[in-house]
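The structure appears below as structure tokens.
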Amino acid sequence: MELMQLEGIGLPPAVVERVKRSPIRPQLEAIAQTVVYDAAICRPPNVPTEEMARLDIETVVISSPESWPGVRSAAEALPARLARAHYAEVPGGADHGTPAAATATLLDAFLGADVTR
């Protein structure tokens, strides 16, 4: 987990040390087996394949101003690599919290929009 936090996410070492001693450590250990999937998604080159980039479908890439900087910057850059993608932010999202209401509102607007442009 520490390696993913340091290299995959880019957390500072001092933060990783605090996490190791924090009350959420058991919760992180409970989902540690998913780190391999996180690493597969996040490792360079974490850009769409040529086939993905050619897909002609409307796409929304969602992040939050409170997301980890590496995750947020990747989300901001992704639309430039896809045929018809847009970036959108939802408020909240700190500490892996999913801002469900804000995300639902954004998706409702996106899915209700004319996506045939």
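First residue of the sequence shown: 7, per our numbering; consecutive thereafter.
A virtual CB, placed ideally from N, CA and C, is assigned to each residue, including glycine.
(message) Quick check on Ile63: does DSSP put it in helix, strand or coil?
(response) Note: Ile63 maps to coil in three-state DSSP.
- Given that a residue counts as buried once 16 or more other Cβ atoms are within 10 Å of its Cβ, and exposed if not, what is Leu9? exposed
Would you mind stating whether Met7 and Ala45 have Cβ atoms separated by less than 7 Å?
Between Met7 and Ala45, the CB-CB gap reaches or exceeds 7 Å.
Is Arg123 helix, strand or coil when you go by DSSP? Because Arg123 carries a pLDDT of 47, less than 50, the predicted location of this residue cannot be relied on, and the following value inherits that uncertainty. DSSP places Arg123 in the coil class of the three-state scheme, outside both helix and strand.
Practice prompt. Can you grab the Cα-Cα spacing for the pair Leu84 / Val53, in whole Å?
Written response: 7 Å
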